[in-house]
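S.K.: For what it's worth, the working numbering labels the leading residue of the sequence shown as 14, then goes sequentially. Here you go, one structure.
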Amino acid sequence: MKENKWIRARRIEERMLIIEAIYVFSMFLSLVFCFPLFVIEFKIAIIFTLLVMVEELFEIKFKAKKATTK
């Protein structure tokens, strides 16, 4: 059980690093192309939210499938 918590914490940490990298990259693009930062952030936020929702749906689906097979 402790391993699962550690793995989950590691995954969350990796996600946060990816989000931070995307944010810094969007700031870089806004500086280079003089593009409003909030437009890029808004698009990234929508895409990321959708990806997280889909990932959670798959997790729930596979957990339910594992619970029924035991």
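Glycine included, each C-beta is placed from N, C-alpha and C at the ideal position. Every value quoted in this text rests on a predicted model; they were computed, and no experiment measured them.
Measuring only the C-alpha atoms, how far is residue 23 from residue 44?
M.R.: Within the sequence shown, the letter at position 10 stands for residue 23. Within the sequence shown, the letter at position 31 stands for residue 44. Whole-angstrom Cα-Cα distance: 32 Å.
S.K.: From residue 20 to residue 68, what does the alpha carbon distance come to, in whole angstroms?
M.R.: Residue numbering aside, residue 20 sits at position 7 when the sequence shown is read from its first letter. Residue numbering aside, residue 68 sits at position 55 when the sequence shown is read from its first letter. Their backbone Cα atoms lie some 16 Å apart in a straight line.
S.K.: Would you mind working out which of 57, 28, 65 and 26 sits nearest residue 38, comparing C-alpha positions?
M.R.: Within the sequence shown, numbered from 1, the residue matching residue 38 stands at position 25. The candidate whose alpha carbon is nearest that of residue 38 is 57.
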